[in-house]
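Report on one structure; see the data block that follows.
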């Protein structure tokens with residue numbers, strides 16, 4: 059009878075619990091709390107947090123290779139590179155590239171804000187991460203969750219959970235992280251600077267932009283094709299005006315479905331045995347450094363451009379060069395109105411903001427091409 063009772067107990071998860079699993083439960087519950095109570099990126103942090111709980115329930119088998127439910131979500135959705143491009147399809151359907159086309163030089167701010175990605179790449183590698191892990195960690199600085207996941211799936215899948223949570227966490231904390239950097243690097247007069255009225259952008263230009271961008275970017279960096287192609291197709295849905303059903307599906311139903319199938323398996327990669335290591339935990343510090351550097355370099359580049367240009371740019375726009383769309387643009391607008399209540403920067407900030415999306419994808423494509431992912 060005693061042996062049968064012991065055998066029965068061994069079939070339950072209770073006897074297989076480890077302290078690390080309980081720590082991961084706490085981390086998962088904290089993410090769920092932040093998603094619900096603080097509304098920090100709830101669409102991703104809520105399923106990611108729940109995925110962390112599930113994978114750290116012993117004997118659940120949800121991430122068992124070939125048979126686990128969440129393993130199938132991960133393998134067919136992320137490892138096969140299906141879900142991140144579909145996320146970009148939805149992003150493209152939401153995005154208006156008009157502010158960027160109205161003032162094309164703002165694309166340099168989107169490119170300049172990627173400096174944090176490259177600096178952190180070199181710093182991470184110098185600290186002992188292998189070159190593929192360093193590239194994945196650096197990508198957090200772009201504040202682009204889907205791109206971070208995409209490059210992690212190719213270069214460092216063992217770091218995917220930590221890098222994804224870091225990227226989405228810093229995206230959620232843009233209103234907390236960026237304003238102090240903006241105020242530190244600019245004067246009140248610079249923050250109050252008004253932008254010149256942009257030129258109107260024709261419908262023809264908006265239609266040609268996604269098509270021409272697709273050709274140019276993919277011909278230059280073929281490895282960026284999965285993300286750029288879907289981003290520009292979604293934008294073509296938006297601007298064509300003839301496929302409202304497809305645009306609506308990309309923005310709503312499809313986006314919602316793939317978000318669920320993205321968040322759960324990402325959380326499920328964060329098993330205690332993998333996540334609770336100093337090397338993995340330090341990623342959050344490096345990711346924060348990358349994000350701070352990206353914000354700072356964007357602002358400094360805008361100030362440099364003002365030294366050589368007659369038409370001045372409000373330096374705050376450089377902070378929108380990270381690809382946290384549209385939150386970074388909203389934060390720029392908010393800080394600008396604090397200096398001058400009549401200063402309207404949101405529309406202008408969307409230019410470098412969407413340029414940052416493209417810049418991050420290009421950076422990921424370069425890493426994948428050069429590192430052979």
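Numbering (our numbering), first residue to last: 59 to 431.
Just so it is clear, CB atoms sit at the ideal spot from N, CA and C, and this is done for glycine as well.
Owing to the predicted nature of the structure, the values given are computational and were not obtained by experimental measurement.
Leaving out the 5 sequence neighbours to the left and right, which residues in its chain are closer than 8 Å to residue 287 when beta-carbon positions are compared? 143, 272, 276
Pairs of beta-carbons, one from the stretch 400–418 and one from the stretch 161–181, closer than 8 Å: are there three or more? yes
Decide if the stretch 108–116 is in contact with the stretch 82–89; the criterion is three or more beta carbon pairs, one per stretch, under 8 Å apart. yes
Under 9 Å, Cβ to Cβ, is there at least one residue of chain B near residue 156? Although the question refers to chain B, the structure presented lacks it and comprises just one protein chain.
Answer yes or no: do residue 145 and residue 419 have a C-beta to C-beta separation smaller than 9 Å? no
Would you mind stating whether residue 141 and residue 222 have Cβ atoms separated by less than 9 Å? no
With contact counted as at least three CB pairs below 8 Å, one residue from each stretch, are the stretch 254–267 and the stretch 152–160 in contact? yes
Cβ neighbour criterion (16 or more within 10 Å) applied to residue 134: exposed
Whole angstroms are fine: how far does the CA of residue 337 sit from the CA of residue 323? 21 Å
At which residue ranges does the stretch 88–144 contain complete alpha helix (DSSP H) runs of 4 or more residues, listed in the order of the chain? 100–113, 127–130
In chain order, what residues of the same chain lie with their CB nearer than 8 Å to the CB of residue 226, ignoring the 5 residues before and after it? 99, 102, 103, 106, 203
Just how far apart, CA to CA, sit residue 269 and residue 393? 35 Å
Helix, strand or coil, according to DSSP, for residue 411 in the structure here? helix
Could you name the residues of the same chain whose beta carbon sits closer than 7 Å to that of residue 1, not counting the 5 residues immediately before and after it, in chain order? Outside the displayed span of the chain (59 to 431) sits residue 1, for which this structure offers no information.
Residue 146 in three-state terms, based on DSSP: helix
Is residue 241 closer than 9 Å to residue 401 when the C-beta atoms are compared? no
Under the assumption that residue 243 contacts residue 375 (Cβ atoms under 8 Å), give the Cβ distance between them as a whole number of angstroms. No, residue 243 and residue 375 are not in contact; Cβ-Cβ is about 13 Å, not under 8 Å.
How many Å lie between residue 302 and residue 290 at the Cα? 16 Å
Under 9 Å between the Cβ atoms of residue 232 and residue 386? yes
Residue range of the unbroken alpha helix (DSSP H) whose run includes residue 178: 173–184
Length of the line joining the Cα atoms of residue 214 and residue 353: 25 Å
Helix or strand or just coil, what does DSSP make of residue 314? helix
Determine whether the beta carbon atoms of residue 220 and residue 339 lie at a separation below 9 Å. yes
Tell me which residues share the same chain as residue 81 and place their Cβ nearer than 7 Å to its Cβ, disregarding the 5 neighbours each side in the sequence. 330, 334
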